[in-house]
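Sequences listed follow chains A, B, C and D, in order.
In this text, residue positions in the first sequence follow our numbering: the first is 70, and each later residue adds one.
In this text, residue positions in the second sequence follow our numbering: the first is 70, and each later residue adds one.
In this text, residue positions in the third sequence follow our numbering: the first is 70, and each later residue adds one.
In this text, residue positions in the fourth sequence follow our numbering: the first is 70, and each later residue adds one.
Ideal placement from N, C-alpha and C gives every residue a C-beta, glycine not left out.
For reference, the structure is listed below as structure tokens.
4 protein chains.
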Amino acid sequence: MSVQTAKRRGRPRSDQAHQAILTAALEEVFAVGFRALGIDAIAAKAGVGKATIYRRWPNKAAVVMDAFLAEVGPGTGFPPAPRSLDRIRMQMEAQSKAFRSKYGMLIKSLLGEAQFDPELAEAFRERWIMPRRRLAREVIEEGIRQGDLRDDIDIEDAIDMLYAPIYYRLQIATGPVSEKYVDGIFGQVMAGLRSREKSSTARSKRQP
Amino acid sequence: MSVQTAKRRGRPRSDQAHQAILTAALEEVFAVGFRALGIDAIAAKAGVGKATIYRRWPNKAAVVMDAFLAEVGPGTGFPPAPRSLDRIRMQMEAQSKAFRSKYGMLIKSLLGEAQFDPELAEAFRERWIMPRRRLAREVIEEGIRQGDLRDDIDIEDAIDMLYAPIYYRLQIATGPVSEKYVDGIFGQVMAGLRSREKSSTARSKRQP
Amino acid sequence: MSVQTAKRRGRPRSDQAHQAILTAALEEVFAVGFRALGIDAIAAKAGVGKATIYRRWPNKAAVVMDAFLAEVGPGTGFPPAPRSLDRIRMQMEAQSKAFRSKYGMLIKSLLGEAQFDPELAEAFRERWIMPRRRLAREVIEEGIRQGDLRDDIDIEDAIDMLYAPIYYRLQIATGPVSEKYVDGIFGQVMAGLRSREKSSTARSKRQP
Amino acid sequence: MSVQTAKRRGRPRSDQAHQAILTAALEEVFAVGFRALGIDAIAAKAGVGKATIYRRWPNKAAVVMDAFLAEVGPGTGFPPAPRSLDRIRMQMEAQSKAFRSKYGMLIKSLLGEAQFDPELAEAFRERWIMPRRRLAREVIEEGIRQGDLRDDIDIEDAIDMLYAPIYYRLQIATGPVSEKYVDGIFGQVMAGLRSREKSSTARSKRQP
DNA sequence: GGCTAAGCGAGACGGTACGTCTAGTCTTGGG
DNA sequence: CCCAAGACTAGACGTACCGTCTCGCTTAGCC
């Protein structure tokens, strides 16, 4: 509120240029890959001076990060499901599906690059990882309230167990991030998190 | 057979240069970080021509990979423990301890870089990840034989659930890779993998 | 006629801004030199928008040219002297003195820049060089009338011989533009221009 | 002699690249002019990396200076003439002819640029100006020995009077650097430098 | 002992991207 | 129509690093 109240003087920044840059960045990164991507190429394709890019972002990783988030949106909401456990599984499957798509390469690249760029790392964490973790946390808390999950579990740890393997496979490629894999992880983790009294019902869902 | 048997003609490669390069690479990478590291700097510090490096490694990532592995050794063996579950936990704790040390940054960097370099990715997988997975697999199989773990679990998935969170936190830094964290993950995962029977009928599991 | 008579519409140009720009330009050029001088810096120091500068001058050279001329005035008139030859010498010495002052650098810079900028070259010639040449021409013509100088000399060539060496030394620095130097040039050139007859028959020269 | 005795180690600099750069620089400067000339263009045309240029010259002016001198050679020697005065005139005419050629623009540019670049200024003075001044000095001294010129003249001043006007016209363009102009200057200056006893002979040479 | 092959340190090479800079133009809201 | 502010396109600049190459030299095995 207070930040922009003092009306900025001078020519305002062009939203059109902003959008053109993000679009060009995304096209380029899909065309040539993250490493081969050059700021000059983005500027040329966007019909923009390099200075206009550097005025807004510190480096190409930040541009691509913004372009990526502008494309995939803030949080890929989930349709409600009767069983909260189903919602978790659906969430994981949606995530893994994104990883298998062309955006998987982008996430790989951004996470890889983030290992060398603390600011990018923070942006990746706060703008990509955390929104999804918060979603997951809500669903898990709902599962606890519904009695499907034990009430003594560590939710953060639970989220890690569910989602870390997906990132692990994306990055290390010990195997595909297939739907089958995700279901397997989900099932095994749930075996440890599920309430004793309901375990028979829950278990039968996927393998009747 | 023929490669090394037929004594190479000409001047043999200098082991001294080899070692100097690895040492210099490690010192440099700790001094300035992986990204800022340059082949020229390694060559200069090692008192070696650049060509001597390129004759042996394709790029700096490969050099650092070798230097790293030469330093940390092949597999950090584990002292046997009476309970196989204890061995798994000890193994995880040892791994996380390495991640917290100065080598954590190296692993972060190598895994990050591997996202852009398929050859490095394969080297990282085959020379760092897989040896440790094989170790883990042995211990888990032992746990199954001892009846501590159910015999219907997917061992690969189990390894992922145990170790992926450690890499996840190393890279995404949603929290520290502390001993407490590792124990928490271990406990929750084991809650789902452990045999229901109190390990008394362990021997009978393989012949139902 | 129409340009200024028909009262310009809209807000009139600010004389204050005009002066601020010239002052700022001169200060800057003395502070950082002509090459390092930037339009942005002038605008900032003058508290003026860049457009206000470009609305009045085509480039920085023109600004500095104007600032320079506004400072040194149109023509540095000379006090009359009994002997016209003395007036020429005095004029040369005054010129060389200006060259040794801080304005020398400005003249050097403007003349240097003029080699790349035809408009600046013309401005420099018409507004700096020519007024001084005309002054010199008058004095020489007076010398001829007085019989001190031969009446068959080429006045333009004479001016060149007298003044060119000063510019030559300013630019090429084969030696200082000292008073002694100027006197030497004056003396040698005069040796060739002076009337053979000891100025007694001066009046008779125009009717041979 | 001593400088290069300690045989340089490493790969020697390529004379071929050196030559290609100078040739390209000259072609480019004639094609687009000094100001519009870019290091990138030279590098591209020469088939050379930019670093190779910057390794040898500090900036484009230095490159063009070298290219220019390599083209016009060290000193444009003069054919001997019976009369030393004739040799001076011939020398001046040769110089002015060069100024009228395509090299005139180069000299203009280099001298203009030299006003902003002390190193270039020194190079221009020592490698272009001074060799020609030394030639002129020799001829003038010969003229004195032969008795054509007075023996009390200041030779440096005499050279300035003869040559400065040519540079003056080149730069300020108060008129063309024509042969007629040069002859005029020569004549008038000589009128002041010539020995009295021989003046009748010398004068009749050009206007019999 | 001479020959040939390969390795060695040094450092120049072509190439490419970077991020900075300046110029000159354009777009705001306000006078 | 002018003003200050500041964003805009365009493109040169000089740096840095990469991975290759070319020197003269050294170190080995083989003839």
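Nearest neighbour of ILE157/B by Cα position, chosen from GLY212/B, LEU106/B, MET199/B and LEU239/B, turns out to be GLY212/B.
Rounded to the nearest whole angstrom, the C-alpha separation of GLU182/B and MET199/D is 59 Å. Straight-line spacing of the CA atoms in GLU248/D and GLN160/C works out to 29 Å. In the DSSP annotation of this structure, VAL117/D is not part of any alpha helix (DSSP H), being labelled neither H nor E. Rounded to the nearest angstrom, the Cβ distance from LEU180/C to GLN184/D is 7 Å, consistent with a contact under 8 Å. DSSP places GLY212/D in the uninterrupted alpha helix (DSSP H) bounded by 199-215. Separation of the CB atoms of VAL246/D and ILE254/D is rounded to 10 Å, and the pair is thereby denied contact status at 8 Å. Residue state for LEU106/C is assigned as coil, using DSSP reduced to three classes. LEU262/B is bridged by DSSP to nothing; it lacks a bridge partner. For LEU189/A, the closest Cβ of chain B is not nearer than 8 Å.
Check the Cα spacing between ARG194/C and each of ASP226/C, GLY216/C, ARG152/C and LEU138/C: the tightest is with LEU138/C.
Per DSSP, LEU231/C has no beta-bridge partner at all. With contacts defined as CB atoms closer than 8 Å, VAL98/D and GLU162/D fail to qualify as a contacting pair. CA-to-CA, the gap between ILE228/A and ILE111/D works out to about 59 Å. At least one CB atom of chain A sits nearer than 8 Å to the CB of GLU225/B.
Interface residue (Cβ-Cβ distance to chain D less than 8 Å): ARG169/C is not classified as such. Rounded to the nearest angstrom, the gap between the Cα atoms of VAL141/D and VAL258/C is 32 Å. Straight through space, the alpha carbons of ARG80/C and ALA86/C are spaced by roughly 13 Å. Closer than 8 Å to the CB of ILE213/B there is not a single CB belonging to chain A. If you draw a straight line from the Cα of LEU239/C to the Cα of MET230/C, it is about 15 Å long. Burial check for ASP226/C: the Cβ neighbour count within 10 Å reaches 16 or more, so the residue is buried. Between SER165/C and PRO149/D, the alpha-carbon positions lie close to 38 Å from each other. The alpha-carbon of TYR232/D is positioned some 55 Å away from that of GLY107/B. Not flagged as an interface residue toward chain A: MET161/B, since no C-beta distance is shorter than 8 Å. Contact between VAL117/D and ILE90/D holds, since their C-beta atoms are separated by about 6 Å, short of 8 Å. In the DSSP assignment, LEU218/A forms a beta bridge with ARG263/A. ALA163/B sits in a helix when the DSSP states are folded into three classes.
With 16 or more neighbouring CB atoms inside 10 Å of its own CB, ARG263/A falls in the buried class. Counting every other CB atom within 10 Å of its CB across the protein chains shown gives SER83/C a total below 16, marking it as exposed. At a C-beta separation below 9 Å, PHE103/C has these neighbours in chain D: GLN184 and PHE185.
For GLY181/A, the enclosing alpha helix (DSSP H) begins and ends at 171-183. Interface with chain A (8 Å Cβ-Cβ cutoff): ARG194/B is included.
Using a Cβ-Cβ cut-off of 7 Å, MET230/D is close to MET230, PRO234, ILE254, GLN257 and VAL258 of chain C, given in chain order.
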